[in-house]
Structures are given as C-alpha cells and as structure tokens.
Amino acid sequence: MAGVVRGTLAARRRREVLLGIAILAFLAVLPLGISNVYLRGLIVLALLYAGLSQAWNILGGYCGQISLGHALYFGIGAYTSTLLFTRLGISPLLGMFAGGLFSGLAAFLVGLPCFRLSGHYYAIATLVIGMMAALLAANWDFINAAEGITISFHGESWADLAFRTAILPFHYVMLAYAALIWLIAWLIEGSRWGFFWRAVKDDVAAARSLGISIYPSKLAAAAISGAATGIGGALYAQYVGFIDPESTLDLSLSVLIALPAVVGGIGTLWGPLLGAAVLIPVQQLSVAWLGSAAGGIDLMVYGALIMALALARPEGLVSFFQARARKEAAGHG
Amino acid sequence: MSLERPLLETRRLFAHYRGLAALHGLDLAIAPGEIVAVVGANGAGKSTLLRAIAGQVAISGEIFFDGAPIAGLAPHRISRLGIALVPEGRRLFPRLAVEDNLRLGAYARRGPERFRPLDLVFELFPRLRERLRQRAETLSGGEQQMLAIGRALMTAPRLLMLDEPSQGIMPRLVDDIFAAIARIRAGGVTILIVEQRLAETLAIADRAYVMQTGRIVLAGAAGAIAGNEEVRRAYLGM
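Sequence order for the protein chains is A and B.
For what it's worth, the numbering used here labels the leading residue of the first sequence as 5, then goes sequentially.
For what it's worth, the numbering used here labels the leading residue of the second sequence as 110, then goes sequentially.
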C-alpha cells in the first residue's frame, strides 16, 4: 500500500519532466525562427532571469525564506569568474563554478546569523547585508572599485565563453543555465530535503514536531540557492563583457531576481520561467518605449503591471494552469 | 499507582508558558500500551503538559522516555525518539497535498521501512486514501484531524499524544476518531490524550489524571474517575 503514495508522486514528476523536455525543445529552436537581433537579446535575458529566479525560488519559494540580497551572490559569481579570467586566464567555463562555490559559501555564511532571526527579519537582514556589500565593492580597489572591470575580447571562443557579434551561442548558454537550475529544483521537489523545506515554509513548529531540524534545512537551501545564483552572475559577466558594483550588486537587482518567481508563482517549478517570460520583455520594452520620456514613466508602467498581475493572480501566473489541471484531475477522480 | 517500567515518566515537572507558571511539579507515569487521559477544566495546563513532553515549551524537572532523560532535548530529537504530538488545531501543512503531509511524517526517518505505517493509516482512515491528491486545506475538519493523526503515525511513534482530537469535528466523526484511537493502541502504541469530551475519553482510557491549575489533583482508573460524582462536580464542572 505504501506504493500508492510513491506511485502518484512518480507519475506527477514524470509529467513535469516530459513538459520540461517539450519546453526545452521549443526554446532550442525558437531563435532560429527569429531574425530580429533585439528580440533575440530579449529572449537571452529572459532565459538568464528564468534561471536566476528559479535559484532564488529554491530558498524563497520552497523553503519560504524571502531573500532581498541575492544580488550579493550574483555579484560574487560575476566577480569571481571575471577576476579569474582577466587576471589568471582561467576559462569562465571553470570560473563560473568557482563563482558558484563562493556564492554558495557566502549564502551559507549570511544564513548562519540571519536564520536565527524569524520571519521578515531575515528578509530585512539580507537586504542590509546586500547593500553593505555593494558599498564595500564600490570602494574596494582590488576589484577596480566603482570603475568596474571590462573583459577584453580576443575573438569568438567557446573555451572562453566569449562572443561579441553572435547572440545565438549565448541563447544556448542561458538556456542550458535555466534548464540546469530547473533540473535542480525538480530534483529538490522530489527529495526529502524538498519536503522538509516546504514543511518549514508552511509551519515551523509542525515541521519540528515531525523530527525535522529547521536550521540545517534553511542553511542547505540558502547554500544551493546562492550557488545557483552565482553561476548566473558569471554567465551574465561573459554575456555583457563588463561588470561593476552597480550592475551586479545593486539592491534593484535583488528585486529583479525575485520578481519573476513571485509574479509567476512562488514555490512552483514553472513560476520563475513564466514570470521571466512575461516580466523581462515588459520591463525591457517599457524602457525602450518610455524610458526617454519624463523620468520614471517606464518604471511606473512596469510597477502598475506587476500590481495588476498580483491582484488578478495572487498565487502567480502559474495558478492559471494549475486550476485547470486540478479541475481535470477532479473530473477523473 | 506503581509502574514497573514506565514508557514515559515526569518527575517534578515545572513549565512556564508566556510568562506564567503553567505546570507546578507534575509527577506522572505511563506504562507501555496504556491509554492515559488527562482531564480538567480549561487553563488547567493540559496542553502545556503535552507540549512540555514534546520539547516545545521551556521546562524544569525531569522527563524520562523508556528510561532515558529527554528534558531539554530539541523537539525534532524528541520526535525521532518516538514521541509524536498531534497538536491542538492540527497544524497541518495546508498547501501540501494529503499524501505529502503523510510523507513528511515519514521523512525524518531513513530506509525503505519508513513508509510502513501507511498501511495502518489507510486502514484506520480509508477516506484519506480517496483524497491523497487534495490539498490539506480542502479537507473537512474531521478529515483534517484524521490526517493529523495519520501524519503523526507516519513518524512510527511509540507514544502518541493527542491534544483535543474531537475539537471542531461533527459528532458522527467523533466516534470514528475515538474508535481509531482504540485501534492504534491495539497496534502497540501507547497513548496520552487530552480531551474535553469526558465520557468518550474515559470510556477508552485505562487510567486518568485530573489536573487543576497546573497540578495533578487526582489519579486513578478511568472508570473510577468517570463514576465519581464528587470528582465530576468539583474538578470537571459537570
């Protein structure tokens, strides 16, 4: 009889993987049908944020620990990989994992004191730590302070993950990144850690009374989430070719990383991708169309849209699909 | 009352809850396989007693489980030793499916054996089986209580503590819950129950403790306490 519980989980997870493969195939051929370079760039950015937001979702969505400081892990990943590449000549293909390692470690260390705090205090603490880090970086000469670092270009190369004219390679790099982080989230969903985290998110006292130790659960979620974010930061650095504290450590970036998951559906497998697919184009297009108009209209339009989405779908865009799936399941039962 | 080798024993147990002294030097013992009821008026400290044993409130004094001291251990360690609490208000994971709530009960243990209690859970509460995919928050009050008990059973407890299991449940289902409790004991699980419904509780219990303002004022066979008019009037307000 125990097979019953395991069986339905396996079926549910198989469906997710099949859907994932279908979406991956679609996204792999999508740019081939698009010649507009601006549009292609938009998709690359959306894929990056799908991965970043999924990374945030591992901690914020599944474990319920809302971080407003994920730019720190993004920045550590970006700087680690960039410094290894520009100063020591180590390929970003390796550097991004070194970046992920440092970011994961940083998230763990931030968690050590901050997970002693409960509820919203964790969010506030991460916000403050993130802002302090940005300030320190802007004054730290070893990493060129506020001037930033330009990654010099020595020709197109997969080994150096360097492409200037072609956008297509980065499409596949970011797609691979988004797919990798999705896969990690999928693995977590089915693991006992994934269940622990969701229990911690829903009711800490109840989780504890079932034998779940809370503190290590949160630390593990933070480390994985931070590492996944750091890899994205390294890829971003290679894509743009230039990093400075403002573009990789700013508070606004922490918000941008969290938003797709929140709007798309927090704590769900598809929320971050869905949120990024909607938010990134809207954000970029509102800048392109309205950015030159009187100060801040683009941000107002963007903000109004997010509020409208939140009001219409408080559980995220993904709930639109879930409601249909539930109705179908109920019909069968 | 002398017990040869109690499964659970408290010695001079004091607890403070929200700044107030809630337990005043409680001595209590439960033998393996017993159903023991703790009764008393509201505010007598019954819930605090269960929470103290589960490690959820600060205490002083001693608690022994199967001979080993457990006072001061973290709640998750106490749970892993085999003490499960079905708390007041059930504390389910509302957004998780029924099956995921059950699974979480088993996950703190390792190995393929950890899902074995599921057989018992489905046998006791066949309704849960029909609602495996539903979110816990969509269940009726009675079904939620079944799920809370089922989730606690998934931790494979040796001592199951129930706090007001009949609260907020339609009368028809209350009988089912009490029948299930008797069956759980028949399966070898020791039970400590706190309840407002005296008649039903004392009918399935072996022994009972009567609590008043944080102290045990009376202990004895459940039948004797149920039949004692004076006790009922003085302590239980009926």
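C-beta atoms are modelled at their ideal positions from N, C-alpha and C, and glycine is treated no differently.
Problem - Min CB distance B/Phe-234 to chain A below 7 Å - result: no
Handout entry: Beta-bridge pairing of A/Thr-252 - partner residues as DSSP gives them
Key = A/Thr-252 pairs with nothing; no bridge assigned.
Problem - B/Ala-330: first and last residue of the uninterrupted alpha helix (DSSP H) it sits in - result: B/Ala-330 -> not in any alpha helix (DSSP H); beta strand (DSSP E) instead, spanning 324-330.
Practice task
To the nearest angstrom, report how far apart B/Ala-124 and A/Ala-15 are at their CA atoms.
Solution key: 48 Å
Handout entry: Any 3 or more C-beta pairs closer than 8 Å across the segment 281-295 of chain A and the segment 87-103 of chain A
Key = no
Practice task
Would you kindly work out how many angstroms separate the C-alpha atoms of B/Gly-329 and B/Ser-169, rounded to a whole number?
Solution key: 25 Å
Practice task
May I have a chain-ordered list of the alpha helix (DSSP H) segments no shorter than 4 residues that lie completely inside the segment 33-79 of chain A?
Solution key: 41-61
Practice task
Kindly indicate which residue of A/Ala-29, A/Leu-13 and A/Arg-19 has the alpha-carbon position closest to the one of A/Ala-180.
Solution key: A/Ala-29
Handout entry: chain A contacts made by the segment 124-144 of chain B, where a contact means CB separation under 7 Å
Key = none
Practice task
Grab me the residues of A/Leu-13's own chain with a C-beta within less than 8 Å of its C-beta, minus the 5 sequence neighbours each way, in chain order.
Solution key: Gly-194
Practice task
Note down the Cα distance separating A/Met-304 from A/Ala-149, rounded to an integer number of angstroms.
Solution key: 31 Å
Practice task
Quickly, what does DSSP pair A/Phe-338 with across the bridge? List them, please.
Solution key: Absent from the structure is residue 338 of chain A, since the part of chain A shown begins at 5 and ends at 337.
Handout entry: Contact between the segment 235-245 of chain B and the segment 201-209 of chain B (3+ Cβ pairs under 8 Å)
Key = yes
Handout entry: Short CB-CB distance (under 7 Å) between A/Ile-216 and chain B
Key = yes
Exercise for the section: My understanding is that B/Arg-260 touches B/Asn-210, with C-beta atoms under 8 Å, so please give their C-beta distance in whole angstroms. Expected result: 5 Å
Exercise for the section: Indicate whether at least one CB of chain E lies closer than 7 Å to the CB of B/Phe-202. Expected result: No chain E is part of this structure, whose protein chains are labelled A and B.
Handout entry: For A/Phe-78 and A/Val-233, the rounded distance between their alpha carbons
Key = Per the sequence presented here, residue 233 of chain A reads as Thr, with Val not at that position. Looking at the two C-alpha atoms, the distance is approximately 5 Å.
Exercise for the section: Drop a sphere of 10 angstroms on the beta-carbon of A/Asp-406, count the other beta-carbons inside from all chains shown, and report buried for 16 or more, exposed for fewer. Expected result: No information on residue 406 of chain A is available, as it lies outside the stretch 5 to 337 that chain A covers here.
Practice task
Measure the C-alpha to C-alpha separation of B/Arg-292 and A/Gln-326 and round it to an integer number of angstroms.
Solution key: 38 Å
Exercise for the section: Could you name the residues of chain A that B/Asp-209 contacts, counting a contact when the two beta carbons are closer than 7 Å? Expected result: Phe-199
Handout entry: Proximal chain B residues relative to A/Ala-210, where beta-carbon distance stays under 8 Å
Key = Pro-196, Arg-200, Leu-201 and Phe-202
Practice task
Look up A/Ile-25 in the DSSP assignment and say whether it is helix, strand or coil.
Solution key: helix
Exercise for the section: State yes or no: is the beta carbon of A/Arg-196 nearer than 7 Å to at least one beta carbon in chain B? Expected result: yes
Exercise for the section: Determine the direct distance from the alpha carbon of A/Asp-302 to that of A/Trp-353, and round the result to whole angstroms. Expected result: Because chain A spans 5 through 337 in this model, residue 353 of chain A falls outside it and cannot be assessed.
Handout entry: Where the segment 304-324 of chain A meets chain B: residues whose CB sits under 7 Å from a CB there
Key = none
Handout entry: For B/Arg-281, the three-state DSSP class (helix, strand or coil)
Key = helix
Practice task
Flag this pair as yes or no: are the beta carbons of A/Gly-103 and A/Ala-227 separated by less than 7 Å?
Solution key: no
Practice task
Rank B/Ala-146, B/Gln-165 and B/His-185 by C-alpha distance to the C-alpha of B/Arg-127 and give the top, closest one.
Solution key: B/Gln-165
Practice task
Name the residue from B/Ala-131, B/Leu-129 and B/Val-145 whose alpha carbon lies nearest to the alpha carbon of B/Glu-118.
Solution key: B/Val-145
Exercise for the section: Report yes if the CB atom of A/Pro-264 is closer than 7 Å to the CB atom of A/Tyr-53, and no otherwise. Expected result: yes
Problem - Cβ-based contacts, 9 Å cut-off: residues of the segment 101-126 of chain A near chain B - result: none
Exercise for the section: Starting from A/Ala-210, trace the beta strand (DSSP E) both ways and give me its first and last residue. Expected result: Where A/Ala-210 is concerned, there is no enclosing beta strand (DSSP E), although the alpha helix (DSSP H) it sits in stretches over 208-213.
Practice task
Mind reading off the beta-carbon distance from A/Ala-82 to A/Ala-280? Whole number of angstroms is fine, and I expect it under 8 Å.
Solution key: At roughly 19 Å, the Cβ-Cβ gap does not stay under 8 Å, so A/Ala-82 and A/Ala-280 are not in contact.
Exercise for the section: Say whether the segment 160-171 of chain A touches the segment 261-278 of chain A, bearing in mind that this needs 3 or more beta-carbon pairs closer than 8 Å, one atom from each stretch. Expected result: no
Practice task
Note the first and the last residue of the continuous beta strand (DSSP E) segment covering B/Phe-173.
Solution key: 168-174
Practice task
Could you list which residues in chain B have their beta carbon closer than 7 Å to that of A/Gly-203, in chain order?
Solution key: Position check: residue 203 of chain A holds Ala in this sequence, whereas Gly was assumed. In chain order: Phe-202 and Leu-213.
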